[in-house]
Amino acid sequence: MEMNCEDSPSWWKNGVLYHMYLRSFADGNGDGFGDLKGAINRIDYISELGVNGVWLSPTSPSPNNDWGYDVSDYLGVHPDYGTLSDLEEFIDRCNRLGIEVILDLVPNHTSSDHAWFIEALADPHSPFRQYYVFSRGKPDGSPPNNWLDATGGSAWTLDPSSGEYYLHNFLPSQPDLNWWNEEVHKEFEGILRFWFDRKVAGFRIDVAHGVFKDELLRDDPPAPEISKEFSHFGLVETYSKNREDVHPLYRSWRKIADSYDPSRVLVGETWVNDISRLASFYGNDDELNLAFNFMFVFTEFNARAFSEIVGNTLNALPKGASAAWTGSNHDISRFPTRWADGDYDKIRMALAILLTLPGTVFLYYGDEIGMRDVDVPVELQRDPMTKLIPAARFQRDRARTPMPWQEGPGRGFCDPNTTPWLPFGDDDGLDVESQRRDPNSTLNLTKLLIELRRQVKESLLDYQLVEATDSIWRYRCGSLEVLANFGDEIYALETERSERVVSSRQLEGVVIRGDSCIEVGPKEVIVLKR
Ligand code: NOJ
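The sequence shown: position 235 = 288 (our numbering), numbered continuously.
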């Protein structure tokens, strides 16, 4: 089926995007790292899943101090992954199967290896100095303010040759860009256009809430209540990130995206802990198209918590805006571990819930097979941000391990004699091939739910809560009705006759008594299509 953006103005609305962490998806050249050739070899699998789009983790050249989130050339492709023409081929092959591709854009910072920063350090009078945030320290020589980077250390590093500090909200090798400089805006407009011209359907914008900082560099205040505030090592990032000044930037990017066609999509990585702030990133349908909801990601796995966060989110978003739902990504733990503690009934419940919510669903590679976190021994860990830094709050490698395509050495990810860049999880028969063979597998459930979602895609509006108790969450959305039983008792669901009934537990054989009474077992979700 030929399909492109013009044919599908809202391909992402109520659609499903597959978040492909390229380095761990499929190795096509035998070096133990996933790459574009490997991904191209697996395109049929993506198509079989039925997803509408793919989000590729950063593909740009990078010294990999933060595995690609430290970009040294925004217009290139990292040689580990292949070439620009490999990326173009990947996009083209996806498009021909009706799948759009979005890239990861990192505007908050560059790598310290980027030519701009090299120039900025070499010559304080170079125009590139103004691309970054340099500042003199306090009179006693200490850093300009109390901002802390992602490791819990000062967010400022001294440039000894000039005596000025430069700002880095993440690692010292990730200097923050100065968004008060119009030249930086122009550079990024060029970067957006470069990729849009190459049929990229949009961008996931890294640290979307944080690119603007307080121009006066005021101190961040102490966090009043650590657990509630998304505290950053005891501080609230009031001035170091989270500035309202970011909105005009997204309005200008949206104009660029829309000038290509309205199907382009901008998705923000918006780590905020307040739903109205989350909603603000959508603007008046003139800023980001989607904003990730981390309050949902960290929801407890129970009926009331889910129903509350979903209801509150949908109430807060501007009319017509699409929510962005996800359970896992490369920075946090996978939902099969975090929400479900490895229990497949719960994993399948979570998939059934995610895939029946109104808005856009992001599945992280492996979610579809219920892939869990892998306990990576310290000597095999590869993430500098969490490996080398005792203050790091979590270990990220656990959610970045290679995809298990089949049983045995190499797991179909790489050659059996190659050591993958991160270890595999247990060879537990839950790989892709094994699940393809099992008609009742999690993989087949995911495919079925995605297929169902595609059938009702346009109707998925008007979420209505029917019931939320300690154990039951029941909602209607378009032509779907969903009942999630988080409790230990069987629930007798009286309902009208439905065209289709899908259970998260068994793909066949739902117990229906009489015409209309469905038994929903413990840890089961029933989806009805009217
Ligand atoms: C968020 C990315 O998802 C994460 O992996 C990265 O370390 C930081 N932003 C900095 O770019």
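Where a beta carbon is used, it is the ideal one built from N, C-alpha and C, also for glycine.
{"Query": "Rounded to whole angstroms, what's the CA-CA distance from A356 to W392? Just pull it up for me.", "Result": "12 Å"}
{"Query": "Give the straight-line distance between the Cα atoms of N117 and D123, rounded to the nearest whole angstrom.", "Result": "7 Å"}
{"Query": "Quick check: the stretch 221-241 against the stretch 259-274, are at least 3 beta-carbon pairs closer than 8 Å?", "Result": "yes"}
{"Query": "To the nearest angstrom, how far is the alpha carbon of E240 from that of F256?", "Result": "16 Å"}
{"Query": "Once you ignore the five residues that flank D339 on each side, which residues in its own chain have a CB closer than 7 Å to its CB?", "Result": "R304 and R307"}
{"Query": "Return helix, strand or coil for L269, following the three-state DSSP convention.", "Result": "coil"}
{"Query": "Check whether chain D comes within 8 Å of P277, counting only Cβ atoms and requiring the distance to be less than that.", "Result": "The structure shown has no chain D; it contains just one protein chain."}
{"Query": "Between the C-alpha atoms of G129 and R550, what's the straight-line distance to the nearest angstrom?", "Result": "55 Å"}
{"Query": "Check whether the Cβ of E322 lies closer than 7 Å to any heavy atom of the ligand NOJ, and answer yes or no.", "Result": "yes"}
{"Query": "Contact defined as beta carbons within less than 8 Å: I believe P111 pairs with V186. What is the distance between those atoms, to the nearest angstrom?", "Result": "Not really, about 22 Å apart at Cβ, beyond 8 Å."}
{"Query": "Any heavy atom of the ligand NOJ closer than 7 Å to the CB of V124?", "Result": "no"}
{"Query": "Suppose contacts are defined by Cβ-Cβ distances below 8 Å. Is L367 in contact with L341 by that definition?", "Result": "no"}
{"Query": "Which word fits G395, buried or exposed, when buried means at least 16 other C-beta atoms lie within 10 angstroms of its C-beta?", "Result": "exposed"}
{"Query": "Whole angstroms is fine: what's the gap from G68's alpha carbon to G373's?", "Result": "15 Å"}
{"Query": "Do I96 and A254 have their beta-carbon atoms positioned less than 8 Å apart in this structure?", "Result": "no"}
{"Query": "Rounded to whole angstroms, what is the Cα-Cα separation between F247 and S138?", "Result": "14 Å"}
{"Query": "Could you check if M438 belongs to the surroundings of the ligand NOJ, using beta carbon to heavy atom distance under 7 Å?", "Result": "yes"}
{"Query": "Could you compute how far the alpha carbon of F354 sits from the alpha carbon of I503?", "Result": "22 Å"}
{"Query": "Would a C-beta distance cut-off of 8 Å place P389 and R425 closer than the cut-off?", "Result": "yes"}
{"Query": "Among residues of its own chain, excluding the 5 on either side of P469, which ones have a beta-carbon nearer than 6 Å to its beta-carbon?", "Result": "P462 and G463"}
{"Query": "Under the DSSP definition of a beta bridge, which residues are partnered with V17?", "Result": "In the structure displayed, the chain extends from 54 to 583; residue 17 sits before or after that span and is not available."}
{"Query": "Let me know the secondary structure DSSP gives G135 once reduced to three states.", "Result": "coil"}
{"Query": "Along the alpha helix (DSSP H) that carries Q517, what are the first and last residues, could you check?", "Result": "No alpha helix (DSSP H) contains Q517, which is instead part of the beta strand (DSSP E) from Q517 to A521."}
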